[in-house]
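Peer 1: Below is a structure I'd like to ask you about.
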Amino acid sequence: GDITIICRYPNAAGDLTEWTSSTVNPNWQNIDEAPPDDDLTYNYTTTVGARDLVHLQDINGATTVIGAQYLMSGRRTGASFANVAPLHKEGGVVFEGATRALPSSYAYTHRTPFEVSPAGLAWTPTIFNALQSGYKRTL
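Structure follows, in structure tokens:
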């Protein structure tokens, strides 16, 4: 049958805000644009281990969720290396995904779509709507 793909963007701060905002805006407002505005608003850190989490827009309770995919647009500054890992907080536990090296120009990094939630549960609107997503600097 038919499948609809929807995007959900940040709409509130999550439980962790350890990166620095490039503006006076809260961190989540720097990463909620579609398409990304790149160097106009962003979050940054030089601290390995720093994390940010955000809440995402809810999905309709009548929706059947068959999967989810995390996308992040980012780049490194300077000639050195910078790596980030996606984070997802579900049921009070923060799950860290595979580390990705950031390029020198803005590009999307992603991971394989989740067929189940980070905790291994079948997706439901309730599980998705309670999820927090974000990122961690790993190098």
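Reminder that position 133 of the sequence shown reads as 122 in our numbering, one-by-one numbering, no gaps.
Where a beta carbon is used, it is the ideal one built from N, C-alpha and C, also for glycine.
Please classify Q46: does DSSP put it in a helix, a strand, or coil?
Peer 2: Three-state result, Q46: coil.
Peer 1: Considering just the uninterrupted stretch of the alpha helix (DSSP H) at P114, what are its terminal residues?
Peer 2: Where P114 is concerned, the enclosing alpha helix (DSSP H) stretches over 114 to 119.
Peer 1: Closest to I154 by CA distance: which of D4, T52, I20, T35 is it?
Peer 2: No statement about residue 154 is possible, as the shown extent of the chain runs from -10 to 128 and does not include it.
Peer 1: Nearest by alpha-carbon distance to R64: which of G56, N49, A74 is it?
Peer 2: Residue A74 is the option with its Cα nearest to R64.
Peer 1: Nearest by alpha-carbon distance to Q121: which of H44, P(-1), P114, Y95 is it?
Peer 2: Nearest C-alpha to Q121: H44.
Peer 1: By DSSP, does N16 sit in helix, in strand, or in coil?
Peer 2: Three-state result, N16: helix.
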